[in-house]
Each structure stands twice: as C-alpha cells, then as structure tokens.
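Counting in my numbering, the sequence shown runs from 723 upward without gaps.
C-beta: ideal position from N, C-alpha, C; glycine also.
If you're wondering where the values come from, they're calculated on a predicted model, not measured in any experiment.
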Amino acid sequence: MKIVLTGVAGVLGAPLCRVLTDIGYEVRGVDRKTREDLPITVEVADLLDRELCYELLQGADAVVHLANHSSEHLADKQRLLNENVTMNTNVFQAARELGIKTVVFASSIQAIGAGKEQGDETVPTLAYLPIDGELPAKPTNVYGLSKQMSEEMLRYYGREAEMNCVALRFPFLARNQKHANRFLHGMSTDKINEVWSYLSINDACALIVAFLHNPLPGFRIYCPAARDNGVAQPPAQLIERYFPTTPLKQPLQTIDSLIDISRICEETGWEPQDQWILPIESKSVVETQNSNHHPMMSV
C-alpha cells in the first residue's frame, strides 16, 4: 500500500514515517524542508503549487495530510489562513480526481474553541462536555478557523466523492513523559481552550495506522486524547471550577475524562496507551487560581 505523507519532516510526520515503513507501507514523504534521519528520501515541495500536488499524489492508495502552518506565531493571520486552506484544497481535490479514497487530515482541537478571553477571564463556550468529534467547531483564532474550514471541505469530499475521510482534532502532542509534564505543568490553568488535553506521539501514530488498516466510509471527526489531563486533577473538579454552566452529556460524577474517545475506540479498535502526567505536588489547581473565576453552581 502506497501512502503519501505530507509534513513528513515534522513533529508527528517523522515518527509516523518510521512507523509506516516499519509496518511495510511504501511511503512517499513530502515536506518543504528535507531531513536526513528518515528511512526515505524527503521530496521537497510546495503544496501551494496546485499542479505539483497531482504529481505527488499520483499512484497513491491513501494520503496522510499533516502539512500546514502550525500556529499564528509562525505566520501572519492572512498568510496562515490563505495558505493552510489553499494547500488543503489542493491536496483534497487532487486526491479526489486521482481516485484516492482514503484521506487522513491533521486538524486541531483549536477548531473547537473551549473558551473565549474576556478581560482577565476565559469564558467557556463549549456546547457540551465531555468533548467528542461531534462537538460543533467554534474557533477563537485564525489557526483554528483554517482547520474548521478544511474539515468542512473534507466533509464535502467524503460525501460527494464517497471517500474515506477522517479529520483528527489533535491536542498538544507529547514526545515523551518529560516533554508532556514540562509543557503542561507550565500551562496557565485558566487557559481552558484545549481543556488541558494531550496525546503522545506514539498514540497519535497508532491511531493513524488503525484508520489506514480499516478506513471507514464517509467523513468523520475524531478528537483523540490521553485518558488523563495535563493538570492531574479529577474531571469533575475541573468541570465544577471552569465549566459550571456547560451542559453535560452524562452525570458529572460518571465523567472520567474531559474528552470522550469511546467512539474512536469502538470504530477503530485504537486505545491510547500512554498516561504521562505526574501530580503537581507543590500546588493544586485551586491554589494557583486568582479570584477571577466563575462561580460554582449545581450541575
């Protein structure tokens, strides 16, 4: 099976390339920069070149599309939105015209927008908890908007071209336990936009492989995450503290995670293996808060 992997030199692309080649997939890796430590030769290419995308995807059985500007800090807003949407359009349309049926797209949990900053507070905006792939997109930044727009494009291709498409709303991707704890323990607890979620790169690779092994028809959105959270606190406590008015899909005390991955597990057989967050011994979530928090209420 031949896979075109865009963003192959990236944080997720490089380890995924190694996993896919180890399994026995033929990988054609594409990126705007080269990398010497991969089992393949990287094809340096610009996915903004529409015609080139047809050449790159020719003969592929599936596309794993990871290449995008990854944050507003790396590109101005107009460039980020224009170029992310353009390269995604080029890849998706080329896949359709070339008869490629399976597309895996790296979206982002930032397409959801869990909260909106208002002054010194972050006001929750989620339609419900726990989060899952059915949660409507409501981005609060241009990067998230570019992912939402691309999800809708992929929904169109899944429906009209009868393709097997999945958009993965990845949270923070951790290389290892040290990386996860250093990043997440340093995260301000009032920044609720990603609900303190993370996923190991190993588990992200395993999910992509699971979908490639058994591509499901049509379009779906998955929101994968580790079963624990980045502040090592019970979900019920976090909900009462930060999401007191957010509707719940199940009774509060039965919620074991802020992100519901049950559908992903049922449909793909995937299960996250890594839970890497260590307790913060010096401070609890409550102790690190200032007085600008939402009042507690019954849920």
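For the pair Val-730 and Ile-930, the CB atoms are not nearer than the 8 Å cut-off. Taking C-alpha positions only, Leu-769 is separated from Thr-728 by approximately 9 Å. By the criterion of at least three beta-carbon pairs nearer than 8 Å, the region 921 to 935 is not in contact with the region 802 to 811. Annotation: the continuous alpha helix (DSSP H) that includes Ala-817 extends over 799 to 819.
CA-to-CA, the gap between Val-825 and Lys-860 works out to about 23 Å. Residue pairing from DSSP places Phe-827 in a beta bridge opposite His-787 and Ala-889. Residues of the same chain with a CB within less than 6 Å of the CB of Thr-743, apart from the 5 flanking positions on each side, are Val-749 and Pro-761 in chain order.
In the structure shown, Leu-851 adopts extended strand secondary structure according to DSSP, grouped into three states. By the Cβ criterion, the region 962 to 982 is not in contact with the region 862 to 873, since fewer than three pairs of Cβ atoms, one from each stretch, lie closer than 8 Å. Using a C-beta cut-off of 8 Å, the region 779 to 793 makes no contact with the region 848 to 855, since fewer than three inter-stretch Cβ pairs fall below that distance.
Three or more Cβ pairs closer than 8 Å define a contact, and the region 876 to 883 falls short of that threshold against the region 973 to 991.
In the DSSP assignment, Ile-981 is bridged to Ile-853. Straight-line spacing of the CA atoms in Gly-781 and Val-766 works out to 18 Å.
By the neighbour-count criterion, in which a residue is buried when 16 or more other Cβ atoms sit within 10 angstroms of its Cβ, Ser-984 is exposed. Boundaries of the beta strand (DSSP E) harbouring Asp-753: 748 to 753, taken from the DSSP string.
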